[in-house]
Each structure stands twice: as C-alpha cells, then as structure tokens.
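A quick write-up on the structure given underneath.
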Amino acid sequence: MWRKKIGVLIQTIAILALAACSVGADLEFIQTQSDRISITGEICSQDPFSITSPVNISIVIDVSGSMATTDPSLFRVSAAQQVVNKYLPKENYKFQIIKFSNAAENLTSGFTRDPTIINSAIGALSQADGGTNYQDAFNSTRSGIEQEIIDLEDNQGSAATAYFPILFLSDGVPTLPSGNPQGNAISALNLLMGIKNIYTIGDLRLHAAFLGAANSAGYIFMQQVAAIGLGIFLHFQNASDISFLDQGIDLEPLHIPYSLVNLFVLNMNAISGSVGNSGPTILPDSDMDGLPDYRELELGTNPLNPDTDGDNTRDGVEILRLSNPLVQDSLCPGGSNAQDQDLDGLTDCEEAKLFTDEKYFDTDEDGIPDLLEVIRGTDPTIPDVSLDPDSDGRPNVDEIKRNLNPNYNDNSILETYGYQHSLNFVGINADGLYCYNAEYHNISLVPTLSLSGQNASNEIWIYLIQRPLDGSTDKNTVALGKIIVDVTAFYQNLGDFNNEVHWSQIPFEYLTPVTP
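Following our numbering, the numbering of the sequence shown begins with 6 at its first residue and continues without gaps.
See the structure below:
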C-alpha cells in the first residue's frame with residue numbers, strides 16, 4: 006500500500022516592522038513587546054482533493070465453462086487489465102483479483118500493488134471450466150476486504166476514508182453449491198455488504214456486469230445483485246463490449262471536507278519553568294528536547310544536542326522515564342529505532358519507551374499531539390486535556406495552548422508570557438473549504454544558544470488539528486508548519502523587525518495515515 010511522502014517544510018520568515026494587532030473577541034489582552042510575534046489572518050481547513058484516500062478495487066470474474074462460448078476471445082481479461090493499467094500508477098490504489106467457477110480463488114492473496122502478482126492473476130482469468138459458485142466468490146471477496154480493513158486500522162485508522170469498489174462479472178446464474186445456489190449467493194452477498202455495519206470505512210459498492218441475453222435468468226439475477234451491492238448494473242450483449250471504464254462506475258478516491266477543530270502554536274525553544282526560587286518565567290530550550298538549557302548544564306547534558314548519549318531518545322524523554330541521558334540505553338523495545346513512522350517528531354524508539362503509538366500522532370486521541378504532551382509534561386497515553394494537576398484553574402489543554410506549564414502554577418506570568426489566541430469560523434470559501442479567522446499573539450522569543458559561527462534560532466511550530474465533516478471517523482488529521490526566527494538577528498535589530506506573520510506565509514504538510 007502507498008505511503009505518501011511527508012516532510013515538514015521549513016520556511017525562514019523575515020519578521021520585518023511592527024504592525025497593529027486585530028483583537029478577536031476571545032482575546033483577553035494584547036502584548037506588544039518587541040520580543041513577541043503574532044500570527045494572524047484567515048486560515049482554511051484541508052482541501053479534500055489533497056487527501057489521497059485508499060482505493061481497494063476487487064475484480065471478481067466468472068471463469069466457468071460457459072465463458073469458453075460467451076467470451077472465447079478473452080475480452081474479460083482485457084477489461085480487467087484496462088482497469089489496472091489506469092489506476093495502478095496511482096499510489097493510493099490496490100487490487101485483489103478473484104476468479105470463480107466450482108470454487109473461488111483469490112489469485113493475489115488479498116490486496117496488493119505488486120504489478121507482477123497482479124498481471125499474473127489477470128492472466129489466470131483466461132480459464133474457462135466448471136460451474137458457477139457466486140457464494141464462494143462473495144465469501145472470498147469479503148475475506149480479502151476484511152483483512153485489508155484490519156491492516157488499515159492497524160495503521161492509524163485510515164480505513165475510515167477507504168473506498169472498496171467491487172467489479173463483478175458473470176455470464177449466468179449461480180449453479181453451485183447444490184440445493185439453493187441463488188439463495189446461498191444472496192446470503193453471502195448480504196454478509197459481504199454487511200461489512201459496512203461492522204467496520205468504519207469510507208464506502209463499499211458492488212457493481213455487477215452481466216454478459217448474455219437481456220431478460221434472461223442471469224440478467225434478472227444480476228440486477229438484483231447490483232441493487233443489493235448499491236452499485237451499477239452493466240449489461241453486455243457481446244463479449245467485445247466488456248469494459249468497466251466509462252460506464253458511470255466511480256473508482257476515484259473519496260473527497261471529504263474537513264473542519265478545523267483545534268490549533269496549537271508553540272515556540273518549541275521556550276519553556277515555562279523556574280530557576281531556584283526566582284518564580285515562574287520563560288526559559289530557553291536550545292535543542293527542543295524538553296529540558297531548559299540551565300537544567301542541561303546542571304545534568305551535564307549537551308544543551309545543543311537533544312540526544313546527548315546518542316541512543317535515539319532525547320534527553321527530556323530520558324529524564325521523564327527516570328533513565329540516564331548520559332548513558333546509552335539498551336536496544337529499543339521491538340527493534341524500533343530512529344525512524345519516525347508517523348512523523349510526529351518522536352522517534353519510534355521514544356514511542357516504544359513511552360508506550361505511545363508509533364503510527365498515529367495522538368495516541369490517547371485527546372486532541373493534543375504526542376510530542377507536545379511529552380515536551381509539555383502531560384501524559385500522551387491518557388486523555389487528560391481537562392485535568393488541572395497544578396490546581397491553577399486552567400486545564401492542561403489551555404496551558405499548552407498558552408505555552409504554560411501544566412504541572413506548575415504559573416498564573417503569575419500569564420499576562421506577560423501567556424499566548425492569547427482566538428479561532429472563529431468565517432465561512433466556506435469558493436473551493437468548499439471551511440475557513441477561520443485565527444489569531445495568536447504574545448508568542449515569546451528567547452535567546453537560545455548556537456554553535457560557533459552560527460546564528461541562534463527559535464522554531465515556532467503550528468499544528469492544525471482537523472476532522473472529516475461526514476463523521477466517517479473520530480480520528481483527527483494534523484497539518485504541521487514551522488516558522489524559524491533568526492533570534493540572533495532579531496535581538497540585534499529589534500527596531501527593524503515586523504512582529505506579525507500571516508498564516509499564508511507558513512507552509513504546511515499533512516501527517517497522513519501510515520499504510521503498508
């Protein structure tokens with residue numbers, strides 16, 4: 006199965022002359038200190054046409070003995086090949102090829118993108134012998150689809166947007182198994198279509214094509230099959246007419262509009278904390294490992310290296326796990342390493358040690374990405390957005406949004422350092438996207454360390470948390486953008502910098518489901 010290549014585009018944005026701030030109704034106050042930046046303007050949800058949802062096509066072909074007479078020139082093979090040739094080049098498509106006569110055989114052993122396996126399976130559709138067992142064909146199709154759904158659900162719940170079209174071709178009524186072959190076929194078909202009641206998927210349709218005379222028993226029965234399958238009925242009088250393309254059958258991915266359900270803007274180099282008895286303040290974290298620089302100097306770790314001992318676990322995670330950030334741990338559980346499958350910023354090694362999901366960015370599905378929970382000190386495995394462990398009257402999600410410490414009562418610095426934010430729905434634009442007026446103010450910059458000869462920087466990370474409007478899944482998707490501010494130049498030229506950034510200046514990349 007495809008996996009869309011995802012990275013995070015990083016754009017250095019020059020912050021050039023202080024501009025007036027537009028205050029939203031939800032904003033409590035606006036700071037205009039020279040070492041703050043704001044992000045304002047209109048931002049829209051994800052374009053549904055930019056989402057490459059999985060499409061899993063089942064091609065199910067009757068190869069009973071009668072096909073030697075009705076399709077001696079193997080037009081059924083050509084029709085299957087045409088579908089594969091058109092859609093296999095697209096990374097989000099997979100195929101399973103099933104033939105049936107006395108019994109059904111899944112020639113691809115489930116869904117695959119391997120062209121060698123697929124082409125070999127299509128070649129096997131040239132067979133023509135035996136009876137017609139619809140029941141086994143439907144059961145085999147169902148088994149393949151259910152296994153694919155399970156595989157998709159093991160990879161971030163992406164089955165919720167997956168489309169399963171079935172292209173079914175026969176030249177007669179079911180003759181097997183003995184007894185009541187037509188009744189058995191309908192029962193098996195109902196079980197197949199019942200998948201939609203068991204699993205959360207995008208859609209499932211069975212399109213039934215009949216080769217033979219109009220108004221024959223097979224013609225009438227196949228119309229019933231198409232009706233139960235919620236698909237299109239195709240009739241081919243002659244084998245040379247067989248085609249699944251340009252017949253009104255939709256084999257394109259589902260396009261589902263998304264709404265924006267949450268927005269996080271955080272300076273990953275600035276942490277709320279305290280030094281000694283000085284009280285709460287904002288502290289630099291030059292390597293974004295979750296430990297402020299002063300603490301790294303106390304521990305002997307490198308404040309410019311997030312993983313001092315090189316064991317694929319950042320120093321802050323090691324302290325969280327009560328392990329030694331100066332001594333390499335044993336091999337990661339399950340063989341995980343520096344790979345980051347869900348691209349959430351936590352390595353698979355860290356995810357294994359933290360018991361988080363290496364294939365989904367929000368393990369506890371509480372709306373806060375795992376990395377933010379780890380860096381800000383909440384539990385990424387327990388939905389704790391509404392908890393208030395520091396008893397300061399603000400739930401965890403609000404503290405993270407304001408870049409405060411959920412485990413430390415820092416209300417005394419709220420007005421000085423707390424982010425002010427608002428998110429208000431504006432409307433649906435001409436492209437059908439849901440748009441919002443979003444404002445983030447008082448985003449503090451901090452003087453971080455840097456290597457010799459290099460300027461120091463602050464990274465502002467922006468998470469857009471979205472969900473499909475059709476309710477097909479309760480899983481969120483996330484888009485991640487970054488602003489990199491050259492703080493060396495910033496602090497040297499405070500009077501020449503504009504502290505306001507517009508959302509349109511920030512490039513975003515979507516963290517999509519990981520699929521095999």
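Each residue gets a CB set at the ideal place from its N, CA and C atoms; glycine is no exception.
Problem - Short Cβ contact (7 angstroms threshold) for L296 with D316 - result: no
Exercise for the section: Starting from the N-terminal side, write out each stretch of the beta strand (DSSP E) that is 3 residues or longer and does not extend beyond the region 258-338. Expected result: 263-272, 275-278, 286-289
Handout entry: Supposed close pair Y263, S50 - CB separation, criterion 8 angstroms
Key = 4 angstroms
Handout entry: Which residues DSSP lists as bridging A443, in chain order
Key = L428
Practice task
Would you kindly work out how many angstroms separate the C-alpha atoms of R399 and D393, rounded to a whole number?
Solution key: 6 angstroms
Handout entry: Simplified DSSP state of D119, which is helix, strand or coil
Key = coil
Problem - Residue range of the alpha helix (DSSP H) that includes T421 - result: 419-422
Practice task
Determine the direct distance from the alpha carbon of P77 to that of G236, and round the result to whole angstroms.
Solution key: 27 angstroms
Practice task
Have a look at L302 and I324 and give me their C-alpha separation to the nearest angstrom.
Solution key: 14 angstroms
Practice task
Decide yes or no for the touch test of the region 483-491 against the region 458-469: beta carbon pairs closer than 8 angstroms, at least 3 of them.
Solution key: yes
Exercise for the section: Using the Cα positions of D397 and P289, report the straight-line distance between them to the nearest angstrom. Expected result: 23 angstroms
Problem - Beta-carbon proximity list for Y98, same chain, < 6 angstroms, skipping 5 on both sides - result: V60, Y92
Practice task
My understanding is that I123 touches L474, with C-beta atoms under 8 angstroms, so please give their C-beta distance in whole angstroms.
Solution key: I123 to L474, Cβ: 35 angstroms. No contact.
Practice task
Compute the Euclidean distance between the alpha carbons of S192 and S131, then round it to the nearest angstrom.
Solution key: 28 angstroms
Handout entry: Best match in T361, D52, D246, R326 for proximity to A435 [C-alpha to C-alpha]
Key = D52
Practice task
Closer than 7 angstroms by C-beta to Y496: which residues in its own chain qualify, once you throw out the five before and the five after it? Chain order, please.
Solution key: P452
Problem - Cβ contact check for the region 410-427 and the region 235-255: 3 or more pairs under 8 angstroms - result: no
Handout entry: Assumed close pair I48, V506 - CB separation to whole angstroms, cut-off 8 angstroms
Key = The pair is not a contact, with the Cβ atoms about 12 angstroms apart (cut-off 8 angstroms).
Exercise for the section: With a threshold of 16 other CB atoms inside 10 Å of the CB of G199, please say whether the residue is buried or exposed. Expected result: exposed
Problem - Residues near L516 by beta carbon distance below 8 angstroms, same chain, minus five either side - result: I11, D347, L348, D349, F366, T482, V483, A484, L485
Problem - Cutoff 6 angstroms; reference E248; Cβ partners in own chain excluding five residues on either side - result: Per the sequence shown, the amino acid found at residue 248 is Ser instead of Glu. Same-chain partners within the cutoff: A84.
Exercise for the section: Would you decide whether V492 is buried or exposed? Buried here means 16 or more other CB atoms lie within 10 Å of its CB. Expected result: buried
Exercise for the section: Assuming A231 and F238 form a contact by the criterion Cβ under 8 angstroms, report the distance between their Cβ atoms to the nearest whole angstrom. Expected result: 4 angstroms
Handout entry: Same chain, Cβ closer than 6 angstroms to D371, five either side skipped, listed in chain order
Key = P388, V390
Problem - Contact set for P385: own chain, Cβ-Cβ below 7 angstroms, skip 5 residues either direction - result: L359, T361, T368, D369, D375, E378, V379
Exercise for the section: Mark N504 as exposed unless 16 or more other C-beta atoms lie within 10 angstroms of its C-beta, in which case mark it buried. Expected result: buried
Practice task
State buried or exposed for E356, treating a residue as buried only when at least 16 other CB atoms are found within 10 Å of its CB.
Solution key: buried
Exercise for the section: Quick one: give me the first and last residue of the alpha helix (DSSP H) that K95 is part of. Expected result: Run containing K95: none; DSSP gives neither H nor E here.
Practice task
Confirm, please, whether the CB-CB distance from A167 to G115 is below 7 angstroms.
Solution key: no
Exercise for the section: Give the DSSP-derived three-state secondary structure of V28 in the structure shown. Expected result: With a pLDDT of only 26 at V28, under 50, the local geometry of the prediction cannot be trusted, and the value read off the model is given with reservation. Residue state, collapsed to three classes: coil.
Handout entry: Counterpart residues of A179 in DSSP-defined beta bridges
Key = Just to set this straight, residue 179 is Pro in the shown sequence, not Ala. According to DSSP, which records beta bridges pairwise, P179 is partnered with nothing at all.
Exercise for the section: Please indicate yes or no: does the CB of N97 lie closer than 6 angstroms to some heavy atom of the ligand ZN? Expected result: In the structure shown, the ligand ZN is absent, as is every other ligand, since no ligand is present at all.
Practice task
Thinking N408 and S277 are a contact (beta carbons under 8 angstroms), I'd like their distance in whole angstroms, please.
Solution key: 7 angstroms
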